[in-house]
Amino acid sequence: MNKKLLCLIFYFLSIAFCNLTFCQEQQAEKSLVQILLDIEKQHDVKFSFETKTVEHILISPLSHELSIEQILDHLNRVTNLNFEMLNDRFIVITLKTALDIQNKIQRLKEVIITNYLIKGISKTNDGSIKANTKAFDILPGLIEPDVLQIVQNLPGIMSVDERISNINVRGGTNDQNLILYEGIRMYQSGHFFGLISAFNPYLSENITISKNGTSAKFGNAVSSTIAIRNSDNLDKKISGGIGGNMLSVDGYAKIPLSNKTELQLSARRSFTDLLVSKTYDSYFDRIFKDSELNTSSNINTLLAQDERFLFYDFNAKFLYDIDNTSKLRVNIMSMSNDLNYNQVFTSTDNNFQETKVN
330 MNKKLLCLIF
340 YFLSIAFCNL
350 TFCQEQQAEK
360 SLVQILLDIE
370 KQHDVKFSFE
380 TKTVEHILIS
390 PLSHELSIEQ
400 ILDHLNRVTN
410 LNFEMLNDRF
420 IVITLKTALD
430 IQNKIQRLKE
440 VIITNYLIKG
450 ISKTNDGSIK
460 ANTKAFDILP
470 GLIEPDVLQI
480 VQNLPGIMSV
490 DERISNINVR
500 GGTNDQNLIL
510 YEGIRMYQSG
520 HFFGLISAFN
530 PYLSENITIS
540 KNGTSAKFGN
550 AVSSTIAIRN
560 SDNLDKKISG
570 GIGGNMLSVD
580 GYAKIPLSNK
590 TELQLSARRS
600 FTDLLVSKTY
610 DSYFDRIFKD
620 SELNTSSNIN
630 TLLAQDERFL
640 FYDFNAKFLY
650 DIDNTSKLRV
660 NIMSMSNDLN
670 YNQVFTSTDN
680 NFQETKVN
């Protein structure tokens, strides 16, 4: 009997508690008209509206710590009304239309793509692409992280004649690209008629490619801007490296001279004038296959040929941190391409002819 009595008492108490909670929730909601009057007194503003627009609308009371902008944003979300501020004092209330709901603007969080294509390449919110050579991964098919080769793998960028330094961006020509190396405009960006890049990727640190919209501070960049920067900070320790391939050898070094000065050096030289490799033969045939060099005809017969090709590039950067606000940077860059080509022909009349290209 006691158990039945306890269950009955618990049942009535539960019903009473639920009713009390429901009543409190009902009492928590207030008329929008009354809330607007409270807002007018608190923030010294005036609302302009038709009575039928706001009548019969109930919402929860607002916190007194909210600003007027936060209040209007909340009311726009919880009601089917538009709250528009005409000035610092007057606010107009209107009904939302179907077009207002359809054209509602939703602000999204900023998205920055990292590891774009490969590790070390990121796409920023202004559309430009930044590359950090310290985090470079080598693209498939390459033996070294070539700067201009990586650029050609970006969407909208290609080379019509399949040369590394001849870049076409969105149908533009190569001379419509602005290539800056340490702020210096580069009119020559490759070796061996554009098949080899002239920039050392191991000394370059930051590369910025703008192909959609170039900053106004850059001129003569109809298609794109490629800005290459070497390290601009003092490492205060000696570092360097050497490398090579079937065409050339290269090296770089960072040498601190004092606590405030440093010298950065990079150099590359081909050995094709001393040793001819299969890679060199392929490059040579690629360049001259459609020319009159290295060809025979029904009239002339090639008897002998002598070729000598040499290229090199050298870059030096002097860094001096004068104080915390002043810095001195001096850059020197030199590059050269030298081709000597001799051919000896015999004609049908057994006359010897010689062709020289320098």
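Taking the working numbering, I'd label the letters of the sequence shown as residues 330 to 687.
A virtual CB, placed ideally from N, CA and C, is assigned to each residue, including glycine.
Exclusion of the five residues before and after R492 leaves G519, F522, G523 and L524 as the residues of its chain whose Cβ lies within less than 8 Å of its Cβ.
In the three-state reduction of the DSSP assignment, F613 falls in the helix class, which pools H, G and I. Judged by beta-carbon spacing, N529 lies within the 8 Å limit of S595, meaning their Cβ atoms are closer than that value.
In the three-state DSSP reduction, I450 falls in the strand class (E or B).
For the pair of segments examined, the region 452-461 was found to touch the region 532-544: the number of CB pairs separated by less than 8 Å reaches three. Contact check for N559 against E591 fails: the beta carbons are separated by 8 Å or more. A buried status is given to G449, since no fewer than 16 other beta-carbon atoms sit within 10 Å of its beta-carbon. Between T537 and M575 a beta carbon distance of about 31 Å is seen, past the 8 Å cut, so the two are scored as non-contacting. Per DSSP, T537 is one residue of the beta strand (DSSP E) stretching across S533 to S539.
For G485, the CB contacts under 7 Å within the same chain, skipping 5 residues up- and downstream, are V498, R499 and K540 in chain order. DSSP places T423 within a strand segment (E or B) once states are collapsed to three. Under the DSSP definition of a beta bridge, Q593 partners with K583 and K646. With fewer than 16 neighbouring CB atoms inside 10 Å of its own CB, L366 falls in the exposed class.
Under DSSP, I513 shares a beta bridge with Y510.
DSSP places I557 inside the beta strand (DSSP E), whose first and last residues are S553 to N559. If you check the CB distance, I557 and N506 do not come in under 8 Å. If you check the CB distance, I420 and I388 do not come in under 8 Å. Y670 has its alpha-carbon roughly 4 Å from the corresponding atom of E636. From the listed residues E358, T426, D490 and S544, the smallest Cα separation to L391 is found for E358. Ranking S606, N503 and Y641 by CA distance to the CA of D490 puts N503 first. For the pair S494 and D417, the Cα-to-Cα distance works out to about 59 Å. Separation of S606 and K546 (C-alpha to C-alpha, rounded to the nearest whole angstrom) is 45 Å. Where L415 is concerned, there is no enclosing beta strand (DSSP E), because DSSP gives it neither an H nor an E. Collapsing the DSSP output to three states places R492 in coil.
With 16 or more other Cβ atoms from the protein chains shown falling within 10 Å of its own Cβ, S553 counts as buried.
Assigned with DSSP and collapsed to three states, D667 falls in strand. In this structure, the alpha-carbon of S396 lies about 16 Å from that of F376. In the structure shown, L524 falls within a coil segment according to DSSP collapsed to helix, strand and coil. Within the region 358-385, complete alpha helix (DSSP H) segments of at least 4 residues are found at 361-372 and 380-383, given in chain order. In this structure, Y649 is the residue among N666, D667 and Y649 with its C-alpha nearest to the C-alpha of V659. Residue pairing by DSSP leaves F600 without any beta bridge partner. Around the beta carbon of Y612, 16 or more other beta carbons sit within 10 angstroms, so the residue counts as buried. When secondary structure is reduced to three states using DSSP, V659 falls in the strand class.
Per DSSP, I571 is one residue of the beta strand (DSSP E) stretching across S568 to G573.
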